[in-house]
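Visitor: Got a structure for you, questions after.
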Amino acid sequence: MGGEKNGVVSPLPISMSLLLLFLLILSSANPSSSAPPSSPSSFNPPDNYLVDCGSPQPTKLEDGRMFKSDSQTASLLSTEEDIQTSVSSIHTKDSASTPVSPLYLTARIFAAESTYTFFVHPGRHWVRLYFFPVFHPKYDLATAAFSVSTEKIVLLHDFTVPNADAPVFKEYLVNATSDRFSLKFSPKKNSFAFINAIELVSAPAALISDTATTLPASDFKGLSEYALEVSYRLNVGGPLITPANDTLQRSWLPDDGFMKHPEAAKGASVTPAAVKYPEDGATPLIAPNSVYSTAKQMGNSETVTPNFNLTWEMGVDPTFSYLIRLHFCDIVSKTLNDLYFNVYVNGIMGSSGLDLSGKTGELATAYYQDFVLNASTITNGTVKVQVGPGRIESGNPNAILNGLEVMKISNEAGSLDGLFAVDGTFVGPSKGFTTMKIIAGVGLLMGVTAMLLLASVFVRWHKRPNDWEKCNSFSSWLLPLHASHSSFMSSKSGSHQFGSNKSKSGYSSFFSSALGLGRYFTFAEIQEATKNFDENAVVGVGGFGKVYLGEQEDGTKLAIKRGSASNEQGINEFQTEIQMLSKLRHRHLVSLIGYCDENSEMILVYEYMANGPLRDHLYGSNLPHLTWKQRLEICIGSARGLHYLHTGTAQGIIHRDVKTTNILLDENLVAKVSDFGLSKAAQMGTAVSTAVKGSFGYLDPEYFRRQQLTEKSDVYSFGVVLFEVLCARPALNPALPREQVNLAEWAMQWHKKGLLEKIIDPKIAGTISSGSLKKFAEAAEKCLADYGVDRPSMGDVLWNLEYALQLQEASTSTPEPVDDMPKIKSPDQPKEKEKDDDDSDEAPIITITDNSTIADSPLFSQLAGFQGR
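Dropping the structure here:
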C-alpha cells in the first residue's frame, strides 16, 4: 500500500495510517462486520450485539455465544445513573426442570429515561429483550413500569413484569433505516425501568418477504412498512429446539399445549438429513431441518371421522393484525401428488387443495406459506390454524403441519403494544371515531340521494310504460352490462349502503329484480341455508372467498360464495361477477340466482354444480374416470359457453381465467363455465390493454408479453384445457423433468412427432378412434399458436370438437374400421333449398339454448380454411 523505491517499502502517509487505525477499532468493536458472505444454510450477521446488562464481566452461554457486559461497552449507553444489581442464583417453579439462563442473574436499572445506541447496517434486525425482577435493596423490580421504543417503533408501553417468579423474553424484528439504532427505556412517572440482557442481531434480508396472502383479501401495502413481534414459534410434532440448534439462534416450542383434540392427530418424523430444500423458496434460514423433519398428521381413519381439521389455537391481542407463517414438508406420502389438503386461518380458507409435492417437485422438501390475518377477523382473542382434507373422496384423507409462527404486526401508531406513538401521542378511538362519523355522514347523504334518484325513476317508469320496453328495462340505464366501477358499488362505503336493511324497507325485491340481479337473499336466509357457514359445508374457494353448499327449505341446493366487504379487490370481483352474470343466461354458463350484501357482506348465490370442477374428474381424486365421449361432450359444452361469451352479446366478454377448475359439471355432467371475477368486456377482434391476470400454465404468452388482451387469449387457455382433458395431468407440474413441466409445450412436442397417443391418459388410450384423436389434436394445436391471429375462433374450435365427437360415434357404431369421414357438411356450405331440415343429413348448426341466440353465418366464416391454417 505504501510507495516502493529502490526495493524499499516507503512508510505509509499519516492520513492512511489514521484511516487504518480507525477501521481496526471499528472492526474490533463489531468483529462480525467483516465476516464473509453467508451461504444459504448459514448466516454471518453484519451486526451482532450481545449485551449482558448490569454484569461486571462477559457471560458465556452453553450454546457458545458470548454476551459482553454493558459496563465494558459504556459508549453504547446513555444514562444519568449507574445502577446495577446481580444475584448468584434464581429459583422459580420451573427452574428445577429448566435451568434459568445466567443472563437473568444481573440487571441494569434506569431511574430516568436512558438509551442504548448501536451502530448498525440498515435492514431488519432481531431485537431480543430479557426481563426478570432480580433483587435490589432499593428498587423492587417487580413493580417497575416503563416503556421501550426505537426511533420509530414502540416495543413496550407501560410494561410491568406479569409474574415476579417467571422470566420474560421478548423477541422482535425491526427494520433499521439508518446507521444508528437506539433502544430507549422510559420509566413511567414515579417508577423506573430495568433490563437484564439485549440482543441486536442482523436478520437475513430474505427472512421476511414483503408480500403475503391477506385474510380476508385486501390491498396490503407490504410487510417492509411494519415491525413484527414474535408471539409463538412452534415445532409441530417435535421437541423443543434451542438457539444452539437453530440457524438463527431462535427457540421453537413443542406444539402439544396449543393443539385442540390432540387425540385426533398422530406424529410423523424422518431424520433431519432426509429433509431437502428447493432451489427457490424455503431455506435452512427460514427454518432448520429439525422443524421440517417432524409433523402432526391426521389420526387413524378407522377411529376418527375423515371430515375434520387438525386445529391449533393461540391467544393473542385482538387489536392487532398478525403474520402467520406455516411450515410444511411432505414426510408422510409415498408418491408424488398423493396428498391434497386445505389450510384455514380463523375460519378463512388460506389454501385449497394444497399439493406440497406439486409445489416443490419432490417429497420431503421444505415449503412455507405466509398469511396476514386482519385484526377484524380475530374473535375471543384467538388465532386458530387448521388443516384438513381437501376432498373426502380423493384418496386417503390426510393433512399435515410441520411448524407454525405467529407474529404481531405493528399498528397505525407504529406500536406493538397499545395505541401510543413513540412521541407519546395517543392514536386511538377518538380519532377513528371522528373519521367514522364523517364516513357515516357521507354515506347517509349518498344513501338519501340514491333513494331520491330511485324514486324519480320509479315515477317516470309508471308515467311512460312504453319507454320501459324501448330501453330494454330499467337495468340497462342504471346498471349497464359493462358499466364502469363508478356506476355500481364504486367504493367500500357504497357497497355497504347497497342492500343494507332492504328487507325492512321493502325496496329490495323491486330493486333487485329491476337490476336483473336475480333474487335478493337476506343474510339470515344465507345463514340458515349454510347452517351458519358451517365449515363442513365448504365445497371450494371462489374468486374472492369460500363457496358453501346451501339448501333452501324446498330442498333446492345452492352454491353460496361469500366474500369480504373489507376487501377492495373482492369488491371489484363481486361487482364484475354480478355485471357479467346478471345479463348472461346460457346452458353452459353457471347461473347467478341472486345475491346478498347485507351487513357489509358480499355474497353471491349460484346454481349448485353437483359434480364439481372438471379437474377432479381427470386426476387428483378417486372419482370414476370419464370416457372419451364424455370428455368430448364436456369440451363441447365448455366451448359453447365461451363462444357465447365472445359473440352472444353486443360487447363481447373475455373470460381471462379459463381452466379446468373453472369448468363445473352438474349432476348430468353438463359442463358450465364459472368464475367471472377477472372477466373483461371488449369489442371482439380489438385488443384491450390491461394488467396481466390469469393462471400460470394457461396464460396466453402473447398476452403476457404485450399485455394486450383479446378473445384469442381465452382460445389459448382452452387449448391447454383440451390437452389436460386428453392427457389427464396438470397444466404445470414442477415435479416432472424440465421438458415435461409445461403441458402445452410437452404435448405439442409429441404431436409434432406424430406420437401424441403415447401421452394419452391410459384410462382412455385404447378407446379413441384415430380420426377423432386427429381432429381433437388439430383443434388443440391451433389454439396454442404463438400469435393470436393464427388461432381459430371459439366457433371454429366448437365445430371441430363436434366433428371429433361424430367421428368417435361413427367409429363405435360401425363393426369395421371406417377411414372415410361420416356424412357431415361444414356449416359454411349452403343448404339445399328443396330439402326439408328434418330430412337433411347435414350436421346441425350449433344452437344456443336458454334464451341465448347466435348468428350462424359470421360464426363459421373461416371454417373452410381451418385445416390449412
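Those letters in the sequence shown? Residues -34 to -1, 1 to 835, by mature numbering (1 follows the signal peptide of the UniProt record, and there is no 0). The beta-carbon is built from N, C-alpha and C at its ideal position, and this holds for glycine as well.
Considering only residues of the segment 38 to 104, which uninterrupted beta strand (DSSP E) runs meet the minimum length of 3 residues and lie entirely inside it, listed in chain order?
Guide: 49 to 52, 72 to 76, 80 to 85 and 89 to 97
Visitor: What is the DSSP secondary structure of Met714, counted as helix, strand or coil?
Guide: DSSP places Met714 in helix when its eight states are reduced to three.
Visitor: To the nearest whole angstrom, what separates the beta carbons of Ala365 and Met264, a pair I think is in contact under 8 angstroms?
Guide: 6 angstroms
Visitor: Taking the straight line between their C-alpha atoms, what separation do you get for Phe684 and Gln493?
Guide: 36 angstroms
Visitor: I'd like the span of the alpha helix (DSSP H) that includes Pro244, first residue to last.
Guide: From DSSP, Pro244 is part of no alpha helix (DSSP H); its letter is neither H nor E.
Visitor: Excluding five sequence neighbours on each side, which residues of the same chain lie with their C-beta closer than 7 angstroms to the C-beta of Ile344?
Guide: Val282, Pro284 and Asn312
Visitor: Confirm, please, whether the CB-CB distance from Ala387 to Val140 is below 8 angstroms.
Guide: no
Visitor: Out of Ser152, Ser8, Leu42 and Phe84, which one is the CA nearest neighbour of Ile75?
Guide: Ser152
Visitor: If you reduce the DSSP assignment to three classes, tell me which class Leu702 lands in.
Guide: coil
Visitor: To the nearest angstrom, how far is it from the Cα of Ala694 to the Cα of Lys719?
Guide: 20 angstroms
Visitor: From which residue to which residue does the alpha helix (DSSP H) around Cys19 run?
Guide: No alpha helix (DSSP H) holds Cys19; DSSP gives it neither H nor E.
Visitor: Leaving out five residues before and five after Tyr664 in sequence, what residues of the same chain have Cβ atoms less than 7 angstroms from its Cβ?
Guide: Val624, Lys625, Ser683, Val686 and Ala697
Visitor: So, Leu630 versus Leu767, is the Cβ gap smaller than 8 angstroms?
Guide: Between Leu630 and Leu767, the gap from beta carbon to beta carbon reaches 8 angstroms or more.
Visitor: Among the residues of its own chain, which have a CB less than 8 angstroms from the CB of Thr733, if the five just before and after it don't count?
Guide: If we look at Thr733 and ignore the five residues flanking it on each side, its Cβ neighbours are Thr593 and Trp594.
Visitor: Across the segment 123 to 137 and the segment 173 to 188, are there enough close Cβ pairs to call them in contact, namely three or more that are closer than 8 angstroms?
Guide: no
Visitor: Output needed for Ser21: all residues of its chain with C-beta closer than 6 angstroms, excluding positions within five of it in sequence on either side, in chain order.
Guide: Ser35 and Thr72
Visitor: Considering only residues of the segment 204 to 240, which uninterrupted beta strand (DSSP E) runs meet the minimum length of 3 residues and lie entirely inside it, listed in chain order?
Guide: 231 to 235
Visitor: For Asn340, does the count of other Cβ atoms within 10 angstroms reach 16, so buried, or fall short, so exposed?
Guide: buried
Visitor: Inspect the CB distances between the segment 201 to 208 and the segment 255 to 263 and report whether three or more fall short of 8 angstroms.
Guide: yes
Visitor: I want to know whether the segment 163 to 172 touches the segment 91 to 100 - three or more CB-CB distances under 8 angstroms.
Guide: yes
Visitor: Just the Cα atoms here: how many angstroms apart are Ser55 and Phe33?
Guide: 18 angstroms
Visitor: Find out if the Cβ-Cβ distance for the pair Val53, Asp145 is shorter than 8 angstroms.
Guide: no
Visitor: Helix, strand or coil for Pro284, going by three-state DSSP, please let me know.
Guide: coil
Visitor: By how many angstroms is the C-alpha of Gln706 removed from the C-alpha of Leu584?
Guide: 18 angstroms
Visitor: From this set, Leu739, Tyr753, Val755 and Asp762, which residue's C-alpha is nearest residue 853's C-alpha?
Guide: Here the chain has residues from -34 to 835 only, and residue 853 is not among them.
Visitor: Would DSSP call Val202 helix, strand or coil?
Guide: coil
Visitor: Can you tell me whether Ala490 is helix, strand or coil according to DSSP?
Guide: In the three-state reduction of the DSSP assignment, Ala490 falls in the helix class, which pools H, G and I.
Visitor: Expressed to the nearest angstrom, what Euclidean distance is found between the alpha-carbon atoms of Ser777 and Lys741?
Guide: 14 angstroms
Visitor: Could you tell me the distance, in whole angstroms, from the CA atom of His227 to the CA atom of Thr249?
Guide: Distance from the CA atom of His227 to the CA atom of Thr249, rounded to whole angstroms, is 31 angstroms.
Visitor: Helix, strand or coil for Asn565, going by three-state DSSP, please let me know.
Guide: helix
Visitor: Kindly list the residues whose CB is nearer than 6 angstroms to the CB of Asp336, restricted to its own chain and excluding five residues on each side of it in sequence; keep chain order.
Guide: Ala178 and Arg291
Visitor: Alpha carbon to alpha carbon, how far is Gln715 from Ser736?
Guide: 19 angstroms
Visitor: Kindly list the residues whose CB is nearer than 6 angstroms to the CB of Gly754, restricted to its own chain and excluding five residues on each side of it in sequence; keep chain order.
Guide: Glu668, Thr676 and Lys678
Visitor: Who are Thr277's beta bridge partners in DSSP?
Guide: Under DSSP, Thr277 shares a beta bridge with Lys226 and Gln352.
Visitor: From the DSSP output, in three-state form, read off Pro254 for me.
Guide: coil
Visitor: Quick one: what's Met32 bridged to in DSSP?
Guide: Lys26
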